[in-house]
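Structure, as structure tokens:
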Amino acid sequence: MTGLRIIVCAKQVPDPEAPASAVDVDPEKRRVTVKGLMPVINPLDEVALEAALQIKEKYGGKVTVLSVGERLSENVLRKVLAAGADELILVQDEGLDDLDPYSTALLLFKAIEKLGTFDLILTGRESADWGSGQVGLMLAELLGIPAINWVKRIEVVNGAIRAAKVVHGGYDLVEAPLPALLTVTNEFGELRYVSIMALKRARDKPVDAWTLSDVDVDPSTLRKMEVAELFKPRFERMCTIITGKTPEEVGERLAVKLVEELHSLRGR
Amino acid sequence: MVLTMSGGVLSVMEINEEDNSLDNTSFELLEAGGVLSKEAGTTISAAIIGRKASHHADNVARYVDRVYVVEHEALASFNPYLHLHALEKVLKLEGPSYILMGHTYKGVDIAARLAARLKAPLTTDCIGLELDPQTRLLKRRRQVYGGAVIATFIYQGEPQLVTLRPKVWRGRAEPRQVMGDIIQVDLDINSSASKLRVIERVKEEAVRLDDADVIVSGGRGLGGPDGFKELEKLRSALAKGFKKVEIGSSRPPVDKGWISSSRQVGLTGEKVSPMIYIAVGISGATQHIVGMEKSKLVVAINSDKGAPIFTMADIGAVGDYRQILPSFIKKLEELL
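Protein chains in written order, with numbering that gives the first Met the number 0: chain A, 0 to 267; chain B, 0 to 335.
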């Protein structure tokens, strides 16, 4: 084998580290907006990229990152090139926000058809925004290739993929022939550190921008998510902050307060 | 095409491979399916798929009109392709308008593939399910944006396909007066039926956080794996006063490999409701909050007084946990 052709599907999402107060709901338009922070690459898709880079380092190959959306930020997504991906392909057009999972999978399928042959597709098990966790498996069904869901470890053995699939209380060791698709879980480990220098160097790497017509998709075949209602739950509590002259004193008072609260909780 | 929604409800049972027991998720699906079928004025059926599926047929038949039993040696381990193959057989016989599955590693793995094959919109991880009386479509409620927002989806089309979050329904299915019919379904499995091979199941640390009295959880702010050694001291001090005290974690320590993922509390981890939840060095990202917000008493220790975890705690302490914990532990040992 002369190396593996790996495609990573990555979604741009609002920063999931944003506090709940930054998340705004528009019940009329039934849309969610996140104020104040730059979008990021879906953290679990970053994990998928890390998996791709480790496979490339071990077995050789080429890593292509594919992202679809309405308003993609090249600045945000270029991070994948800085981390070590070889190319970045953006499918960007009007009306691509808030697609339903099947339409997203269909769009990725058409883009991957245009890309040509591949050995492995990796993506995160779900996105940090709508988080339906369906797109990877649907894409594999459209491509007619095997898919292993929720993978935390990957090996290539005799041209087949061998993966640890997370199950309740352990994992299943599963084998599938290539080409295959894997969705990865956070247990795989975080994306490597990306330095400012690497980000600068990545400016010269290729980024391709495609539209719907480039991937031969008729916009009328794409469906949006059907959101009937949106609201923000409130999770607030009144917090008593324990103070003291020294941390030791804080620790002691914290214990006293905890036991006190516990007694009133138990109705003693 | 005019949609009739004239079919019934099908609940897909889950069997634990290790001991061939019927998972509690199954009863939750029978409960939710039973309510739905009453509202829709339709029948309810169940599918049991596994190597010894027939073992559970009589039990499940108490709650439904029809039970489909698909039994085959090849279903001994969980292979999504073979389990889906079996389910598709049942769908051909039953033609349900509503399909309910568990939001478990099995349910999701099968449901998303089935949704793609049927082009039927799927809503995963539902925490609420209602029938719209006019359209007879499902209102599917779920958490989005890490739990910061709750959304209700309504999709046209048949079948209506959902996975339900475990432990939201209590599993109190109502037995009926007459036992349902039991239908054995033959399964032919040839070499092309599966696109993958399950080599073996490897068991890892089995932790149950959901029945703990106290959970001591650490986050990114612990600074490294050694932080959990400090938490262990707190855990053993608390173990003198409580039956079951466990160590938990937010997502970053799992991502960094400091601790096993079986201890992760949050949207993609365990959802817990202990008497006391102690969050140490956890900033309080929403996806963590939704895993612990049902705790009765929440204690937070964090060096950042602006950390969102303090808006979710009953008692808080601001400072370096390494300096606060020793006296906290000592005093607790005195008081408990």
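Yeah, the Cβ is synthetic: ideal placement off N, Cα and C, and Gly gets one too.
Contact set for residue i: own chain, Cβ-Cβ below 8 Å, skip 5 residues either direction
i, result
"residue 0 of chain B", "Annotation note: pLDDT 42 at residue 0 of chain B (below 50); position unreliable, coordinate value reported separately. Correct list: empty, nothing qualifies."
"residue 35 of chain A", "17, 21"
"residue 191 of chain A", "49, 52, 82, 83"
"residue 271 of chain B", "208, 209, 211, 214, 247, 264, 290, 291, 293, 294"
"residue 60 of chain A", "2, 3, 4, 5, 54, 118"
Per DSSP, cross-strand counterpart(s) of residue i
i, result
"residue 187 of chain A", "According to DSSP, which records beta bridges pairwise, residue 187 of chain A is partnered with nothing at all."
"residue 193 of chain A", "Paired residue(s): none; residue 193 of chain A is not in a bridge."
"residue 152 of chain B", "A/226, B/139"
"residue 164 of chain A", "A/150, A/171"
"residue 207 of chain A", "A/88"
"residue 97 of chain B", "B/8, B/159"
"residue 238 of chain A", "DSSP, once it has assigned bridges, lists no residue as partnering residue 238 of chain A."
"residue 70 of chain B", "B/49"
"residue 301 of chain B", "B/317"
"residue 202 of chain B", "A/169"
"residue 276 of chain B", "B/214, B/297"
"residue 28 of chain B", "According to DSSP, residue 28 of chain B bridges with nothing at all."
Residue burial classification, residue i (beta-carbon count within 10 angstroms, cutoff 16)
i, result
"residue 30 of chain B", "buried"
"residue 17 of chain B", "exposed"
"residue 3 of chain A", "buried"
"residue 330 of chain B", "buried"
"residue 133 of chain A", "buried"
"residue 259 of chain A", "exposed"
"residue 65 of chain B", "buried"
"residue 13 of chain B", "buried"
"residue 246 of chain A", "buried"
"residue 148 of chain A", "buried"
"residue 125 of chain A", "buried"
"residue 28 of chain B", "buried"
"residue 237 of chain A", "exposed"
Sequence-distant residues of the same chain with beta carbon closer than 6 Å to residue i, five excluded per side
i, result
"residue 373 of chain B", "No information on residue 373 of chain B is available, as it lies outside the stretch 0 to 335 that chain B covers here."
"residue 58 of chain A", "3, 155"
"residue 108 of chain B", "79"
"residue 86 of chain A", "63, 205"
"residue 222 of chain B", "none"
"residue 319 of chain B", "302"
Distance, residue j Cα to residue i Cα
i, j, result
"residue 60 of chain B", "residue 53 of chain B", "11 Å"
"residue 279 of chain B", "residue 232 of chain A", "24 Å"
"residue 324 of chain B", "residue 205 of chain B", "27 Å"
"residue 264 of chain A", "residue 296 of chain B", "8 Å"
"residue 178 of chain A", "residue 194 of chain B", "11 Å"
"residue 134 of chain B", "residue 219 of chain A", "24 Å"
"residue 73 of chain A", "residue 58 of chain B", "57 Å"
"residue 9 of chain B", "residue 89 of chain B", "9 Å"
"residue 187 of chain B", "residue 68 of chain B", "14 Å"
"residue 38 of chain A", "residue 13 of chain A", "4 Å"
"residue 149 of chain B", "residue 288 of chain B", "14 Å"
"residue 253 of chain A", "residue 317 of chain B", "11 Å"
"residue 9 of chain A", "residue 277 of chain B", "35 Å"
"residue 63 of chain B", "residue 45 of chain B", "7 Å"
"residue 255 of chain A", "residue 240 of chain A", "13 Å"
"residue 162 of chain A", "residue 144 of chain A", "15 Å"
Residues of its chain near residue i, where Cβ-Cβ distance is below 7 Å and the 5 sequence neighbours each way are ignored
i, result
"residue 74 of chain B", "48, 49, 50, 81, 82, 85"
"residue 201 of chain B", "none"
"residue 212 of chain B", "241, 242, 243, 244, 273, 274"
"residue 121 of chain A", "5, 7, 47, 50, 51, 181, 183"
Where residue i sits in the DSSP three-state scheme
i, result
"residue 110 of chain B", "helix"
"residue 176 of chain A", "strand"
"residue 148 of chain A", "strand"
"residue 272 of chain A", "The question about residue 272 of chain A has no answer here: the residues shown for chain A are numbered 0 through 267."
"residue 266 of chain B", "coil"
"residue 30 of chain A", "strand"
"residue 221 of chain A", "coil"
"residue 178 of chain B", "coil"
"residue 199 of chain A", "helix"
"residue 260 of chain A", "helix"
"residue 250 of chain B", "helix"
"residue 286 of chain B", "helix"
"residue 74 of chain A", "helix"
"residue 0 of chain A", "No answer about residue 0 of chain A holds up, because its pLDDT of 49 lies below 50 and its placement is not dependable."
"residue 183 of chain B", "strand"
"residue 25 of chain A", "strand"
"residue 260 of chain B", "helix"
"residue 324 of chain B", "helix"
Near the ligand NAP: residue i beta-carbon under 7 Å from a heavy atom
i, result
"residue 236 of chain A", "In terms of ligand content, the structure shown is empty, and the ligand NAP therefore cannot be addressed."
(message) Output needed in chain order: residues of the stretch 123-134 of chain A with a Cβ under 7 Å from some Cβ in chain E.
(response) Absence of chain E from the displayed structure is noted, the protein chains being A and B.
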